[in-house]
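Colleague: In my numbering, the protein residues as written are 54 to 316.
Before I ask anything, here is the structure I am working with.
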Ligand SMILES: O=C(O)CCC(=O)C(=O)O
């Protein structure tokens with residue numbers, strides 16, 4: 054599957070593109086079953102740990118259900134999700150955007166936002182999670198060398214903690230639109246006001262979509278999401294693909310960093 058010229062332009066010029074109905078409802082119900090099994094496992098584990106090839110990041114409040122912050126390399130524990138992450142409907146557009154015939158898969162991550170669980174994500178760029186200082190990241194294709202995809206497992210609505218993006222034209226930063234942030238693990242921490250001044254929050258666009266739709270964005274797209282205030286879960290599967298050789302780190306999970314397409 055190839056993206057159209059308009060979709061490619063949206064990715065590079067604005068920062069993201071949403072492709073509706075990339076996966077069928079039966080594929081998404083199988084993915085939901087996998088998410089449900091991960092959720093049950095998390096309730097038993099209770100604390101952050103490696104388990105069954107995945108890394109569960111959990112918080113157990115004194116009462117009530119364990120909050121699943123994320124399951125890193127979720128496909129390590131659930132082969133349905135690993136298969137989904139190698140699907141040509143994700144990988145071909147990612148390769149098209151990377152300008153490569155293969156890539157390294159760094160992420161296969163399950164995000165659960167259950168009603169009222171309070172999980173939210175501050176404004177950030179994914180480069181902050183890829184580039185952790187000298188030797189960890191190199192932009193080899195001159196266009197960021199990374200494509201993140203977010204597959205909507207549930208419908209994502211205005212109320213259940215949808216993602217929001219700042220269009221590139223409303224981001225200052227450096228020539229690539231890379232901002233300097235206190236979220237970096239290295240460098241000089243920034244005062245939050247100086248950080249916020251690097252982009253115009255009032256320009257944020259909320260992304261909604263039906264289950265089976267997929268969002269594609271690059272490492273400099275400024276995005277975040279607030280907590281789920283609805284009665285319905287908002288679960289997404291995040292798969293991240295890097296230009297070969299760009300990454301210098303080992304990511305958690307059994308088999309992470311694998312080459313795609315498989316040979
Ligand atoms: O699940 C979310 O809302 C946040 C996802 C995100 O920030 C990311 O993929 O970088």
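All C-beta atoms, glycine included, are put in the ideal place defined by N, C-alpha and C.
Predicted model, so just to flag it, every value in this text is computed and none were measured.
1) Determine the direct distance from the alpha carbon of residue 246 to that of residue 239, and round the result to whole angstroms.
2) Could you name the residues that DSSP lists as bridge partners for residue 209?
3) According to the Cβ coordinates, are residue 160 and residue 291 closer than 8 Å?
4) Got a list of residues with beta-carbon closer than 6 Å to any non-hydrogen atom of ligand 3, in chain order?
5) Who are the near neighbours of residue 304 in its chain, counting only those whose CB is closer than 8 Å to its CB and skipping five residues on each side?
6) Is the beta carbon of residue 252 less than 8 Å from the beta carbon of residue 219?
7) Going along the chain, which residues of its own chain have a beta-carbon closer than 7 Å to the beta-carbon of residue 221, five neighbours each way excluded?
8) Assign residue 152 to buried or exposed, taking buried as 16 or more other Cβ atoms, counted over all protein chains shown, within 10 Å of its Cβ.
9) Does residue 286 pass the burial test, meaning 16 or more other C-beta atoms within 10 Å, or should it be called exposed?
10) Can you tell which of 95, 114, 146 has its C-alpha closest to the C-alpha of residue 130?
11) Three or more beta-carbon pairs under 8 Å between the segment 107-122 and the segment 82-95, yes or no?
12) Starting from the N-terminal side, write out each stretch of the alpha helix (DSSP H) that is 4 residues or longer and does not extend beyond the segment 120-165.
13) Just verifying my parser: in three-state terms, what is the DSSP assignment at residue 257?
14) Quick check on residue 85: does DSSP put it in helix, strand or coil?
15) Please report the straight-line C-alpha distance between residue 183 and residue 300, rounded to a whole angstrom.
16) Would the beta-carbon of residue 156 fall within 8 Å of that of residue 268?
17) Report yes if the C-beta distance between residue 163 and residue 135 is below 8 Å; otherwise report no.
18) Are residue 266 and residue 71 close, meaning C-beta to C-beta below 8 Å?
19) Taking the C-alpha atoms as reference points, what is the distance between residue 86 and residue 302?
20) Excluding the 5 residues flanking residue 165 on each side, which residues of the same chain have their C-beta closer than 6 Å to its C-beta?
21) On the premise that residue 282 lies in contact with residue 38, defined as a C-beta separation below 8 Å, what is that separation, rounded to the nearest angstrom?
22) Nearest by alpha-carbon distance to residue 169: which of 294, 293, 284, 297 is it?
23) Judging by CA-CA distance, which residue of 128, 200, 56 is the nearest neighbour of residue 73?
24) Residue range of the beta strand (DSSP E) that residue 107 falls in?
25) Roughly how many angstroms separate the alpha carbons of residue 62 and residue 273, rounded to a whole number?
Modeller: According to the data block:
1) Its pLDDT being 46, under 50, residue 239 is placed unreliably in this model, and the coordinates cannot settle the point.
2) 262
3) yes
4) Inclusion of ligand 3 in the displayed structure is not the case, the ligand content consisting of ligand 1 alone.
5) 125, 126, 159, 160, 310
6) yes
7) 66, 67, 68, 230
8) exposed
9) buried
10) 95
11) yes
12) 132-138, 141-151
13) coil
14) helix
15) 7 Å
16) no
17) no
18) yes
19) 31 Å
20) 121, 288
21) Outside the modelled stretch of the chain, which goes from 54 to 316, sits residue 38, for which no answer is possible.
22) 284
23) 56
24) 107-112
25) 15 Å
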